[in-house]
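UniProt numbering puts the first residue of the sequence shown at 1, with every later residue one more than the last.
Ideal Cβ positions, reconstructed from N, Cα and C, are used throughout, including at glycine.
Notes to accompany the following structure.
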Amino acid sequence: MKPAMETAAEEHTEQSQERKVNSRAEMEIGRYHWMYPGSKNHQYHPVPTLGDRASPLSSPGCFECCIKCLGGVPYASLVATILCFSGVALFCGCGHVALAGTVAILEQHFSTNTSDHALLSEVIQLMQYVIYGIASFFFLYGIILLAEGFYTTSAVKELHGEFKTTACGRCISGMFVFLTYVLGVAWLGVFGFSAVPVFMFYNIWSTCEVIKSPQTNGTAAVEQICVDIRQYGIIPWNAFPGKMCGSALENICNTNEFYMSYHLFIVACAGAGATVVALIHFLMILSSNWAYLKDASKMQAYQDIKAKEEQELQDIQSRSKEQLNSYT
1 MKPAMETAAE
11 EHTEQSQERK
21 VNSRAEMEIG
31 RYHWMYPGSK
41 NHQYHPVPTL
51 GDRASPLSSP
61 GCFECCIKCL
71 GGVPYASLVA
81 TILCFSGVAL
91 FCGCGHVALA
101 GTVAILEQHF
111 STNTSDHALL
121 SEVIQLMQYV
131 IYGIASFFFL
141 YGIILLAEGF
151 YTTSAVKELH
161 GEFKTTACGR
171 CISGMFVFLT
181 YVLGVAWLGV
191 FGFSAVPVFM
201 FYNIWSTCEV
211 IKSPQTNGTA
221 AVEQICVDIR
231 QYGIIPWNAF
241 PGKMCGSALE
251 NICNTNEFYM
261 SYHLFIVACA
271 GAGATVVALI
281 HFLMILSSNW
291 AYLKDASKMQ
301 AYQDIKAKEE
311 QELQDIQSRS
321 KEQLNSYT
């Protein structure tokens, strides 16, 4: 049997080594938490109970539950979703009605022969069907991005405690970043394209304002002020009449079709711009969430390694104690 003093010295040495390892692990965790403040795990303790029922003094009230639920809402994603829905709805709804009004104006005033604008009518009808598809796709895509914001925001992780990230989840987040970037570039083109009919209608409207001005009103020069739609390329050069002048042009500007189509095209262009802003907002949110998931995966790997090392240390300590007990 070993002397009691030697046994006490060995136990003191083992305890000092254990404290050294634990303090080193705690220092590493503290350093990581200092570098990534949002990666701290939140531990929630169960509600104290009296027997089989919860204590009425310790149970959270309705106000606390509402505050907790509101804290889990990704407000940035919610604002971007509302802006995206509003922009797409304005662009699709106003653009659809404005295109129908444009066809009516062309058929009644600028191209009386149906064969001259048959191709344009087919293109406009195709664009209307594309608008239906755009509205359906972005309604679904906005809901998906909002759900992705719910599941990746730090507030939801605080509500549900510890979470696990996978390579598939990080890959999906990266795919959303790429897809949103592509859609943002595409909507920049849509925004520029939607400004073309606004420019055309503005030219017609400004010409009508010149006709109505006191300087030209009541003179022979009024009939020489014309607007030729054929120069924009939407109808062929052999279309009849193709252009309107003087009082006939002024009558077109006073119709409800022209007034509604002009203002609806302006609103549709504004809706396309709002959609571009929403997609840029989504892109910033998704990039931030992807970076958060990347940091969380690093923290998860570090915790797994730390747990494995602690388990190995406990196994070594238990074996050492068993050997000491066998010697005594």
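Is any heavy atom of the ligand ZN found at a distance shorter than 6 Å from the C-beta of residue i?
i: Ile211; result: The ligand ZN is not among the ligands present in this structure, which contains no ligands whatsoever.
Below 7 Å between beta carbons: does that hold for residue i and residue j?
i: Ile131; j: Cys92; result: yes
i: Ser111; j: Ile235; result: yes
i: Val227; j: Thr207; result: yes
i: Thr114; j: Leu283; result: no
i: His96; j: Gln128; result: yes
i: Val198; j: Ile105; result: no
i: Phe85; j: Gly142; result: yes
i: Glu209; j: Gly246; result: no
i: Phe191; j: Ala272; result: yes
i: Trp187; j: Thr275; result: yes
i: Ser261; j: Thr152; result: no
i: Asp116; j: Ala268; result: no
i: Glu250; j: Ile211; result: yes
Hey, how far is the Cα of residue i from the Cα of residue j?
i: Ile316; j: Cys171; result: 39 Å
i: Ala76; j: His281; result: 8 Å
i: residue 331; j: Lys294; result: Residue 331 lies beyond the range of the chain shown here (1 to 328); nothing can be said about it.
i: Pro48; j: Ala307; result: Reliability fails at Pro48, whose pLDDT of 47 lies under 50, so the model's placement of it is uncertain and the value that follows must be treated cautiously. Approximately 29 Å, taken between the alpha carbons.
i: Phe139; j: Gly174; result: 21 Å
i: Ile204; j: Leu279; result: 33 Å
i: Glu312; j: Tyr292; result: 30 Å
i: Leu90; j: Gln231; result: 29 Å
i: Ala270; j: Cys66; result: 36 Å
i: Ser194; j: Trp290; result: 33 Å
i: Ala147; j: Tyr259; result: 41 Å
i: Ala243; j: Ile229; result: According to the sequence displayed, residue 243 carries Lys and not Ala. If I take the Cα positions, the gap works out to 6 Å.
i: Ser288; j: Val182; result: 18 Å
i: Ser318; j: Leu324; result: 10 Å
i: His263; j: Ala100; result: 13 Å
i: Val277; j: Phe63; result: 35 Å
May I ask you to report which of helix, strand or coil DSSP gives residue i?
i: Ser111; result: strand
i: Cys269; result: helix
i: Leu127; result: Sequence check: residue 127 is Met here, not Leu. If DSSP states are grouped into helix, strand and coil, Met127 belongs with the helices.
i: Cys65; result: helix
i: Cys171; result: helix
i: Lys294; result: helix
i: Met260; result: helix
i: Met244; result: strand
i: Ser39; result: A caution first: Ser39 carries a pLDDT of 44, below 50, which makes its placement in the model unreliable, though a value can still be read off. Correct three-state label for Ser39: helix.
State the start and end residues of the unbroken alpha helix (DSSP H) segment that holds residue i.
i: Val88; result: Tyr75 to Ile105
i: Asn254; result: Looking at the DSSP string, Asn254 is not in any alpha helix (DSSP H), and its letter there is neither H nor E.
List in chain order: all unbroken beta strand (DSSP E) runs of 3+ residues lying wholly within the segment 179–241.
-> Assignment of beta strand (DSSP E) within the segment 179–241, counting only whole runs of 3 or more residues, yields 226–228 in chain order.
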